[in-house]
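Heads up: the structure comes next, in structure tokens.
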Amino acid sequence: MSRSERSPLLLAGLLATAGAAHFAAPRPFDAIVPSGLPGRPRTWTYVSGAAELALAAGLALPRTRRTAALATAAFFVGVFPANVKMAADWRHRPTPQKAAAFGRLPLQVPLVLWARAVARGAEGRS
Numbered sequence: 004m005s006r007s008e009r010s011p012l013l014l015a016g017l018l019a020t021a022g023a024a025h026f027a028a029p030r031p032f033d034a035i036v037p038s039g040l041p042g043r044p045r046t047w048t049y050v051s052g053a054a055e056l057a058l059a060a061g062l063a064l065p066r067t068r069r070t071a072a073l074a075t076a077a078f079f080v081g082v083f084p085a086n087v088k089m090a091a092d093w094r095h096r097p098t099p100q101k102a103a104a105f106g107r108l109p110l111q112v113p114l115v116l117w118a119r120a121v122a123r124g125a126e127g128r129s
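When you line the sequence shown up against the working numbering, it's residues 4 to 129, in that order.
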């Protein structure tokens with residue numbers, strides 16, 4: 004399997020793992036839901052987890068890969084405020100935790116670019 008064939012499946016695996024984690028251990032995700040969102044944090048945790056699982060399924064299937072990849076890029080942009088909240092909330096924690104929280108911020112850029120590359124690779128194949 005070539006790198007271009009593995010890339011969408013690796014991204015799908017990342018999203019499936021993260022999505023499952025939202026249901027298996029929701030409390031850490033609840034804590035980073037921005038307070039400005041309406042409703043309960045747990046609802047947002049489950050909604051975002053379900054979205055990640057749906058995006059993973061879409062990426063795994065060649066027929067839906069391009070659309071799912073574009074939606075994944077938008078999803079990564081959309082969850083950025085949660086990463087900002089986590090960094091702000093964790094700014095007084097011990098250095099390793101603070102570094103992890105702040106390290107997530109620039110990580111969103113390569114994730115968005117990865118999703119866009121998967122969409123480009125899927126053009127004409129769906």
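Glycine included, each C-beta is placed from N, C-alpha and C at the ideal position.
According to DSSP, simplified to helix, strand and coil, what is residue i?
i: G39; result: coil
i: P29; result: coil
i: V82; result: coil
i: E126; result: coil
i: L64; result: coil
i: R94; result: coil
Buried or exposed: which applies to residue i, given that a residue is buried once 16 or more other Cβ atoms fall within 10 Å of its Cβ?
i: R69; result: buried
i: S51; result: buried
i: G106; result: exposed
i: L62; result: buried
i: T48; result: buried
Give a yes or no on whether 8 Å exceeds the smallest Cβ distance from residue i to chain C.
i: L64; result: Among the protein chains of the structure shown there is no chain C, as only one such chain exists.
Cβ contact (3+ pairs, closer than 8 Å) linking the region 68 to 81 and the region 28 to 39: Verdict: no, contact absent.
Segment contact, 8 Å Cβ cut-off, at least three pairs: the region 80 to 90 with the region 32 to 47: yes
Meets three-Cβ-pair contact criterion under 8 Å: the region 10 to 26 and the region 42 to 59: yes
Stretch-stretch touch, CB-based, cutoff 8 Å, three pairs: the region 11 to 19 with the region 106 to 124: yes
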